[in-house]
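*Asks:* Pasting in a structure now, in structure tokens, and then I'll have a few things to ask.
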Amino acid sequence: MTRAPRTERIAIELAGVVTPIGQDLEAFWSALVTGASGISQIERFPVSDLRVGRGGEIKKLARIKSWGRVPECRATRLLVSAADEILAHGGLDAVAPDRLAVVVGTALGGVEEGEKALAGDRRRRRRDALYDAPGHNLARWLGCRGPVITVSTACASGATAMAVGADLLRTGEADAVVAGGYDVLCRFVMRGFNALRALAHDDVRPFDRRRSGILLGEAAALVVLRRDGEGTGARLGTLLGYGSASDASHISAPDPAGLGLERAVRAALLEAGVGADRIDFVSAHGTGTPLNDPIEAAVIRRVLGGRADSVPVNSIKPGLGHTMGAAAVLEALMCLLASSRGVIPPTLHLDEPDAGCELDHVRGSARPARPRLCLSTSLGFGGSNAALVLEGAS
Amino acid sequence: MRAPALRALGLLTGWGNGAAAVPADARRAADGRAVLSLGRPHREGERWRRATREGLLALAAVEAALDDAGAGREAIAGERTALVYVTAAAYVPSNHRFIEGRGGSIHFAETAPAVVPAEVAIELGLSGPYSIFIGGPPATLRAIAHAARLLDQGAADRALVLAVEIFEECADLYARSRRLMDAPLVEAAACLWLEPGRGELSVGPPAADEPANHGAGATIAVRRRRSEPSRARGLGETFSVEPLVYLDEWRQGSALGTLELTGRWRSEVLRLVWTEVMASGSSPQPAPSTAAASQEAT
Chain A
22 MTRAPRTERI
32 AIELAGVVTP
42 IGQDLEAFWS
52 ALVTGASGIS
62 QIERFPVSDL
72 RVGRGGEIKK
82 LARIKSWGRV
92 PECRATRLLV
102 SAADEILAHG
112 GLDAVAPDRL
122 AVVVGTALGG
132 VEEGEKALAG
142 DRRRRRRDAL
152 YDAPGHNLAR
162 WLGCRGPVIT
172 VSTACASGAT
182 AMAVGADLLR
192 TGEADAVVAG
202 GYDVLCRFVM
212 RGFNALRALA
222 HDDVRPFDRR
232 RSGILLGEAA
242 ALVVLRRDGE
252 GTGARLGTLL
262 GYGSASDASH
272 ISAPDPAGLG
282 LERAVRAALL
292 EAGVGADRID
302 FVSAHGTGTP
312 LNDPIEAAVI
322 RRVLGGRADS
332 VPVNSIKPGL
342 GHTMGAAAVL
352 EALMCLLASS
362 RGVIPPTLHL
372 DEPDAGCELD
382 HVRGSARPAR
392 PRLCLSTSLG
402 FGGSNAALVL
412 EGAS
Chain B
452 MRAPALRALG
462 LLTGWGNGAA
472 AVPADARRAA
482 DGRAVLSLGR
492 PHREGERWRR
502 ATREGLLALA
512 AVEAALDDAG
522 AGREAIAGER
532 TALVYVTAAA
542 YVPSNHRFIE
552 GRGGSIHFAE
562 TAPAVVPAEV
572 AIELGLSGPY
582 SIFIGGPPAT
592 LRAIAHAARL
602 LDQGAADRAL
612 VLAVEIFEEC
622 ADLYARSRRL
632 MDAPLVEAAA
642 CLWLEPGRGE
652 LSVGPPAADE
662 PANHGAGATI
672 AVRRRRSEPS
682 RARGLGETFS
692 VEPLVYLDEW
702 RQGSALGTLE
712 LTGRWRSEVL
722 RLVWTEVMAS
732 GSSPQPAPST
742 AAASQEAT
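Chains as they are written, first to last, in our numbering: chain A, 22 to 415; chain B, 452 to 749.
In structure tokens, the structure reads:
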């Protein structure tokens, strides 16, 4: 079913990423398709007192050789590394600084800076511990003099950032927006999820009978958004719609009925002017926690209806870890690359789909397919639910 | 974009309730106090025993807005109410407490900014669209614009813009920041209740001839009419709540003409221009006389 979209389509022109499985878009994509894993023993900070000490840690930031005046804040450096890939492609060459905006989403901001400052590290600036500090540091590095916005809808932050960035274009506040998400793997967040007993003891297995939890990862992912028909002509795809809804249920657990996620998905479809019958592929949040997966599978099934057994679904979190603020943006990019490259990456470690999680899972190996319209879902603490509807450039 | 109409505003600050409680000279009124605290609202029930102070104050601010509107909880419950939360630093005490392991009992999820509006959403049954902006006054102006857009699109029938800032637990950290030593830190929580309106609303950088910096940190200026000069006020530092203090002050006055709010934070200066702020047929309400929840000094 096709309806009139509620809002203007937004072009996704270019992207830059830094992830545990690759420090540019091509390396990231190759790793996804081949099923490479970025999960390893964490080395950057002590984890010996935690039940689980593994995650998607980036061992060495390889893109940038000299950091110059970039603060020693790791979150900032992840963002700058991702932005460097965009600049390398000339993605912002013709944009006036006062017409360029930066919108980033994060679950943790610069909290690691606060952690280190409180531990007595005098090189750390306390103001960098505020959640909006890395976004402003990125804007300064880019020479951006337009809007600089940080959003924090927990693990749905990346999706929110893309939507807020799109709105800046629609209202004419900017001509180009660097939008995306980031989060670092640090002791603060590892301690937190350790205390929640939410970390997996072995592999992350979304939708699998043996799933036991998440592993965390760190990443930054940025895209350049433009109004449709403007810009350089380069295009990864199009952002058609976004929806959000609050569960109003629990501060850290998803609504058992998934009603908030379903409202977010239906709102995104409505904004896009796309019926659920036209969705070709679903990138699931797919954390691998006992609670999340059956709830999400049920929502996908309700939304897709009779097509639920034939629309491919995947989750890329097993190989990356849950990259929190970056997750939704990486998953959106995966959707667009699947569309243009004609192959859908598999959900790693999904060996035995659980009863209640049955969908057309892409597992084992990548599946040849060229999905045009994609749905990507995100959930986070606080009952945050978000969904994106994307169109590939194929 | 089409502007929303202001239905109600609840404002709690360390000075008292409503803009009328704000002194003319914050530094003098503070009398040497570095932080003007809002205390911890008391609520009965196990659910609230371990709730963060910022979450409790957020709920108190929404209840103050309900009082201001003369409405009950049922008026905002459900999926047609959007909730847009903004803060620069209300999460800092929870983060700090978790890092240091103080109390030993803070739930990790409570360190996330997203949990503050979640507490409100759970208590009042708000299940509509939501968003969370991090930053000072420009973030609040963007939150208002975001709410306006949700209303204009028909994604919601009403929108709450909620801002909270607390400082007391980390007063020592702020004291080491020289930039903020000139003004007292004033804890504040505010909730703006917006509905579809008829005016125009825009946000963007100020005109080139407008002074870009109205003072240190998060200072904001308000103009009742375009022709009036901007003026800064000695409110003290309230970070993201500041625009809502000035908005409350404005509506307690003539509430006529075009409202302009200019906010500065870090390197960004942003101006919001809003016509027909008040819903037709409504008149400015007196400042809320009581907080929704009783407070005990900490």
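Even glycine gets a Cβ: it sits at the ideal position worked out from N, Cα and C. These numbers come from a predicted model, not from an experiment.
When you compare only the Cα positions, how much space is there between residue 239 of chain A and residue 228 of chain A?
*Replies:* 22 Å
*Asks:* According to DSSP, is residue 662 of chain B part of a helix, a strand, or is it coil?
*Replies:* With a pLDDT of 48 at residue 662 of chain B, under the threshold of 50, the modelled position of this residue cannot be trusted; read the value that follows with caution. DSSP places residue 662 of chain B in coil when its eight states are reduced to three.
*Asks:* With DSSP as the reference, please indicate the residues paired to residue 625 of chain B in a beta bridge.
*Replies:* Answer by DSSP bridge pairing: none, since residue 625 of chain B is not bridged.
*Asks:* Just how far apart, CA to CA, sit residue 203 of chain A and residue 488 of chain B?
*Replies:* When rounded, the distance between both Cα atoms is 33 Å.
*Asks:* I'd like the list of long-range same chain contacts for residue 68 of chain A, defined as Cβ closer than 7 Å, with 5 residues on each side in sequence excluded.
*Replies:* 74 and 211
*Asks:* Please report the distance separating the alpha-carbon of residue 124 of chain A from that of residue 242 of chain A.
*Replies:* 12 Å
*Asks:* Please state if the CB of residue 384 of chain A and the CB of residue 371 of chain A are separated by a distance shorter than 7 Å.
*Replies:* yes
*Asks:* DSSP beta-bridge partners for residue 537 of chain B?
*Replies:* B:584 and B:614
*Asks:* Closer than 7 Å by beta-carbon distance: list the chain B residues that pair up with residue 270 of chain A, in chain order.
*Replies:* 573
*Asks:* Identify which residue in B:641, B:639, B:634 and B:655 has its Cα closest to the Cα of residue 476 of chain B.
*Replies:* B:634
*Asks:* List the DSSP bridge partners of residue 267 of chain A.
*Replies:* A:405
*Asks:* Under a three-way DSSP split, which group does residue 568 of chain B fall into?
*Replies:* helix
*Asks:* Which of the three DSSP states is assigned to residue 655 of chain B in this structure?
*Replies:* strand
*Asks:* Check residue 107 of chain A in the structure and name its three-state DSSP category.
*Replies:* helix
*Asks:* Residue ranges of each beta strand (DSSP E) run of no fewer than 3 residues wholly in the region 189-275 of chain A, ordered along the chain?
*Replies:* 197-204, 240-248 and 258-267
*Asks:* Can you grab the Cα-Cα spacing for the pair residue 283 of chain A / residue 596 of chain B, in whole Å?
*Replies:* 26 Å
*Asks:* Using only CA atoms, which one of A:94, A:112, A:101 and A:118 lies nearest to residue 149 of chain A?
*Replies:* A:94
*Asks:* Taking contact to mean at least 3 C-beta pairs separated by less than 8 Å, is the region 34-41 of chain A in contact with the region 608-620 of chain B?
*Replies:* The region 34-41 of chain A is not in contact with the region 608-620 of chain B.
*Asks:* Given that a residue counts as buried once 16 or more other Cβ atoms are within 10 Å of its Cβ, and exposed if not, what is residue 715 of chain B?
*Replies:* buried
*Asks:* Starting from the C-beta of residue 400 of chain A, find all residues in its chain whose C-beta is less than 7 Å away, skip the five residues before and the five after it, and write them out in chain order.
*Replies:* Here the set comprises 176, 177, 275, 282, 306, 313 and 406.
*Asks:* Within 8 Å, do at least three Cβ pairs link the region 634-644 of chain B to the region 504-513 of chain B?
*Replies:* yes
*Asks:* Is there a Cβ of chain B sitting closer than 7 Å to that of residue 172 of chain A, yes or no?
*Replies:* yes
*Asks:* Is the separation between the beta-carbon of residue 458 of chain B and that of residue 520 of chain B shorter than 7 Å?
*Replies:* yes
*Asks:* Please confirm whether residue 310 of chain A has its beta-carbon closer than 7 Å to some beta-carbon of chain B.
*Replies:* By the rule that beta-carbons nearer than 7 Å mark a contact, residue 310 of chain A does not touch chain B.
*Asks:* Return the CA-CA distance between residue 32 of chain A and residue 333 of chain A, expressed in angstroms with no decimal places.
*Replies:* Near 24 Å, if we compare the C-alpha coordinates of residue 333 of chain A and residue 32 of chain A.
*Asks:* Name the residue from A:122, A:107, A:286 and A:261 whose alpha carbon lies nearest to the alpha carbon of residue 193 of chain A.
*Replies:* A:122
*Asks:* Is the beta carbon of residue 324 of chain A less than 7 Å from the beta carbon of residue 295 of chain A?
*Replies:* No, Cβ-Cβ distance for residue 324 of chain A and residue 295 of chain A is not below 7 Å.
*Asks:* What residues in the region 138-172 of chain A have a beta carbon less than 9 Å from any beta carbon of chain B?
*Replies:* 138, 139, 140, 147, 148, 150, 151, 152, 153, 154, 156, 157, 160, 161, 166, 167, 168, 169, 170, 171 and 172
*Asks:* Using a C-beta cutoff of 7 Å, does residue 287 of chain A count as contacting chain B?
*Replies:* Residue-level contact by beta carbon fails for residue 287 of chain A and chain B, as no gap is shorter than 7 Å.
*Asks:* Between A:139, A:368, A:144 and A:128, which has its C-alpha nearest residue 153 of chain A's C-alpha?
*Replies:* A:128
*Asks:* With 7 Å set as the bound, which would you pick, yes or no: does the beta-carbon of residue 409 of chain A sit closer than that to a beta-carbon of chain B?
*Replies:* no
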